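Below is one structure, written out as structure tokens, with a few remarks after it.
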Amino acid sequence: MKSYILFTVFVFFFGNSLYSQDVEAVRWKFETNKLNENTYELKIIAQINGGWILYAKGNNPAAGRPLKFTFLESNSFEKIGKMVCEPKVAREFDDILLSDLVYHKGIVEFKQIVQLKRMEDIVIKISGQAARTDKSISKIIDYEHSFTFKKNNNE
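Going by my numbering, the residue at position 121 of the sequence shown is 124; the numbering climbs one at a time, nothing skipped.
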């Protein structure tokens, strides 16, 4: 009987840890679109897997770490306007946390216009938290990407 209980506990914890480590909640894609001589649109595409949400800017940090984009400081570019996302965020009240959840789901595009002063990489850090819609598992997101520009970048 004792070994049966130990086996059950082992399977429960081991099975959950295997599941949580094997899941990729969000896949990221990056694109640049040249708008004119020195102006580019940086596009960050989050492909959020079914059954997952990605906490958005404006989410209560106590309910889940909100998504944050940090451009590493550089004199080689200037951001024009604010970053926009499509589609807009979803909101719902969580009865357990007694707080509004602000999140993204599905495919979301984030766009930022930049004016290049020099042809140098633009490095962006992405941080936040994704969670299963049933809130059984969550994953911290820490990701870094460099947008690279070339003299003849026609994208």
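Ideal Cβ placement from N, Cα and C applies to all residues, glycine included. Keep in mind the model is a prediction, meaning the values are calculated, not measured.
Around the beta carbon of A65, fewer than 16 other beta carbons sit within 10 angstroms, so the residue counts as exposed. In this structure, the beta-carbon distance from I47 to F33 falls below 8 Å. Within the DSSP bridge table, the entry for G131 names I144 as partners. Of the residues assessed, K108 falls on the buried side of the cut-off, its CB having 16 or more other CB atoms within 10 angstroms. Excluding the 5 residues flanking it on each side, N63 has same chain C-beta neighbours closer than 6 Å at S102, in chain order. V111 counts as buried, since no fewer than 16 other beta carbons sit within 10 angstroms of its beta carbon. Around the beta carbon of Y58, 16 or more other beta carbons sit within 10 angstroms, so the residue counts as buried.
In the DSSP assignment, K82 is bridged to V117. Judged by DSSP secondary structure, T42 falls within the beta strand (DSSP E) whose first and last residues are T42 to I51. Nearest Cα to D97 within the set V117, F74, T136 and Y43: T136. Here the alpha carbon of E40 sits roughly 31 Å from the alpha carbon of L70.
Here V26 carries a coil assignment [DSSP, helix/strand/coil].
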